[in-house]
Amino acid sequence: MKKTTLLLLILLSVFFTNCTNHPLTEQQAYEAVEHYLEHNPVYESAGFIMGKMLLRKSKDQALIKTYLDLQQQGYMTISHQDNHKKRLATDTIWTANLTLTSKADPYVVKLRNDRFLIKTILYKVTKDSDLQIINKNKRTATISILLFKEKSPFYNFKLEKPSRDIYIEKKYKLRFNTQQTWEVIP
Numbered sequence: 010m011k012k013t014t015l016l017l018l019i020l021l022s023v024f025f026t027n028c029t030n031h032p033l034t035e036q037q038a039y040e041a042v043e044h045y046l047e048h049n050p051v052y053e054s055a056g057f058i059m060g061k062m063l064l065r066k067s068k069d070q071a072l073i074k075t076y077l078d079l080q081q082q083g084y085m086t087i088s089h090q091d092n093h094k095k096r097l098a099t100d101t102i103w104t105a106n107l108t109l110t111s112k113a114d115p116y117v118v119k120l121r122n123d124r125f126l127i128k129t130i131l132y133k134v135t136k137d138s139d140l141q142i143i144n145k146n147k148r149t150a151t152i153s154i155l156l157f158k159e160k161s162p163f164y165n166f167k168l169e170k171p172s173r174d175i176y177i178e179k180k181y182k183l184r185f186n187t188q189q190t191w192e193v194i195p
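The numbering of the sequence shown is this note's numbering, which starts it at 10 and goes up by one.
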């Protein structure tokens with residue numbers, strides 16, 4: 010008698026858990042990916058050195074302009090800015106002490122002494138993002154979504170050649186959790 014009641018309870022619980030049908034909609038997929046990207050952002054990064062810098066005024070003109078633009082936007086401070094010419098040299102030396110401000114903190118990934126790892130490109134989900142849903146079963150699904158590029162103020166420090174793409178395609182696995190919502194599986 011106990012075996013049949015136990016078997017009946019197991020069969021009923023399996024039947025009710027499998028009969029709940031929660032198909033994944035595009036809106037739910039967007040919300041799950043947005044929530045995941047808030048906590049685990051997708052980005053490209055580059056190395057960045059702070060402290061005393063000695064740059065040649067004509068050769069490193071683009072880099073000096075980038076530093077001055079970042080100072081004007083409030084992401085860094087430049088102290089003790091000096092220009093001097095060495096003896097018999099044709100180029101002027103630009104000397105400055107560079108430090109990041111607190112406004113740049115969201116873009117800093119890693120910090121080690123005077124070396125920083127800075128986010129150069131951030132990838133974001135927009136409502137225009139193309140989304141494809143591949144349902145595997147009632148509890149899991151795989152989606153393919155387009156993440157659009159957003160340049161950070163530190164974009165000019167990117168070492169690789171900039172690509173012409175304005176988006177990347179990313180695949181995520183989702184599962185239906187116990188709170189009756191869809192979530193991205195890391």
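Every residue gets a Cβ at the ideal spot worked out from N, C-alpha and C, and that includes glycine.
Residue i: first and last residue of the uninterrupted alpha helix (DSSP H) it sits in
i, result
"Gln-189", "Neither: Gln-189 is in no alpha helix (DSSP H) and is coded neither H nor E."
"Thr-101", "Here Thr-101 belongs to no alpha helix (DSSP H); instead the beta strand (DSSP E) covers 101-109."
"Ala-71", "70-82"
"Leu-46", "35-48"
Short Cβ contact (9 Å threshold) for residue i with residue j
i, j, result
"Val-117", "Phe-125", "yes"
"Ser-138", "Leu-156", "yes"
"Phe-185", "Gly-56", "no"
"Ala-150", "Leu-72", "no"
"Tyr-45", "Tyr-132", "no"
"Leu-107", "Ile-87", "yes"
CA-to-CA distance, residue j to residue i, given in whole angstroms
i, j, result
"Trp-103", "Asp-91", "6 Å"
"Leu-64", "Lys-74", "11 Å"
"Asp-100", "Lys-61", "19 Å"
"Thr-187", "Ile-152", "20 Å"
"Asp-69", "Lys-94", "15 Å"
"Trp-191", "Glu-40", "9 Å"
"Lys-136", "Asn-49", "19 Å"
Range of the contiguous beta strand (DSSP E) that encloses residue i
i, result
"Val-118", "117-121"
"Asp-91", "85-94"
"Thr-129", "124-133"
"Ala-55", "51-58"
Contacts around residue i, its chain only, beta-carbon distance under 7 Å, and the 5 residues preceding and following it disregarded
i, result
"Lys-160", "Ile-130"
"Tyr-176", "Leu-155, Leu-156, Phe-157, Lys-158"
"Ala-113", "Tyr-84, Met-85"
"Glu-43", "Val-134"
"Leu-168", "Ala-55"
"Gln-80", "Thr-86, Ile-87"
6 Å Cβ shell around residue i - same chain, five flanking residues per side excluded
i, result
"Glu-1", "Beyond the ends of the chain as shown, which are 10 and 195, falls residue 1; an answer cannot be given."
Neighbourhood of residue i by C-beta, 8 Å cutoff - its chain only, sequence neighbours within 5 removed
i, result
"Lys-66", "Ile-73, Asn-92, Asp-100, Thr-101, Ile-102, Trp-103"
Any beta strand (DSSP E) of 3 or more consecutive residues that is wholly inside the region 145-183: 149-160, all fully within the region 145-183.
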